[in-house]
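Enquirer:
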Amino acid sequence: MAGHYLPSQSTTSYPMDSIQRNLDWVHIGSYDYHLSTKENFTGAKEWIRRGLPAKKMVLGLAYHGYAWTLVDPKDNAIGSPARGRAITTDGSMSYKYIKTYLRSYGVKVVYNTSYVANYCVIGSFWIGFDDVDAIKTKVSYAREKGLMGYKVWQVPNDDNWVLSKATKIL
Numbered sequence: 004m005a006g007h008y009l010p011s012q013s014t015t016s017y018p019m020d021s022i023q024r025n026l027d028w029v030h031i032g033s034y035d036y037h038l039s040t041k042e043n044f045t046g047a048k049e050w051i052r053r054g055l056p057a058k059k060m061v062l063g064l065a066y067h068g069y070a071w072t073l074v075d076p077k078d079n080a081i082g083s084p085a086r087g088r089a090i091t092t093d094g095s096m097s098y099k100y101i102k103t104y105l106r107s108y109g110v111k112v113v114y115n116t117s118y119v120a121n122y123c124v125i126g127s128f129w130i131g132f133d134d135v136d137a138i139k140t141k142v143s144y145a146r147e148k149g150l151m152g153y154k155v156w157q158v159p160n161d162d163n164w165v166l167s168k169a170t171k172i173l
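The opening residue of the sequence shown carries number 4 in the working numbering; numbering runs sequentially from there.
#1: Nearest-angstrom Cα distance between residue 127 and residue 78?
#2: Helix, strand or coil: how does DSSP classify residue 70 here?
#3: Quick one: residues in its chain with C-beta nearer than 6 Å to the C-beta of residue 148, no 5 flanking neighbours on either side, listed in chain order?
#4: Identify the residues that DSSP records as bridge partners of residue 60: which are they?
#5: Would you please state the rounded distance, in angstroms, between the beta carbons of residue 132 and residue 104? I believe it to be under 8 Å.
#6: Among 73, 114, 107 and 113, which one has its Cα closest to the Cα of residue 94?
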């Protein structure tokens, strides 16, 4: 089963007892979610708190990101207001495309340790994604917490195996 990053939302709640009894593992996404700046917990931590054993969790890693058009380019931290998607029709960008895009503009990438995510700003465009630092941190978290493992969405989006190599922490 692939699960939302949180085990319950305002309209949905996963049947934790049934999941524990009937599933060998659950994929928990650690990407593509939007939390207000007031919430400071990880999805995996919340699943564990609700009773899912860590050994049944597979943490999802993303080899992609999303681009947004900022309302105010000077207000460009994580959580800043955006008008809508940017760069591509749906805002999605493979990691390979993001890295090519960044190289062409010579942009500095910011790593946010609280959200374990990377982002950059190019004019009024804001791009959020997981770079090497975020991937290494998430893999370390999975190992430290005794999670079953981690999965990647999608390997072909990698840029010369940079992220895939980062998952191999010695």
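C-beta atoms are modelled at their ideal positions from N, C-alpha and C, and glycine is treated no differently.
Expert: In short, the structure shows the following:
#1: 10 Å
#2: strand
#3: 57
#4: 29
#5: With a Cβ gap of about 10 Å, residue 132 and residue 104 do not count as contacting.
#6: 73
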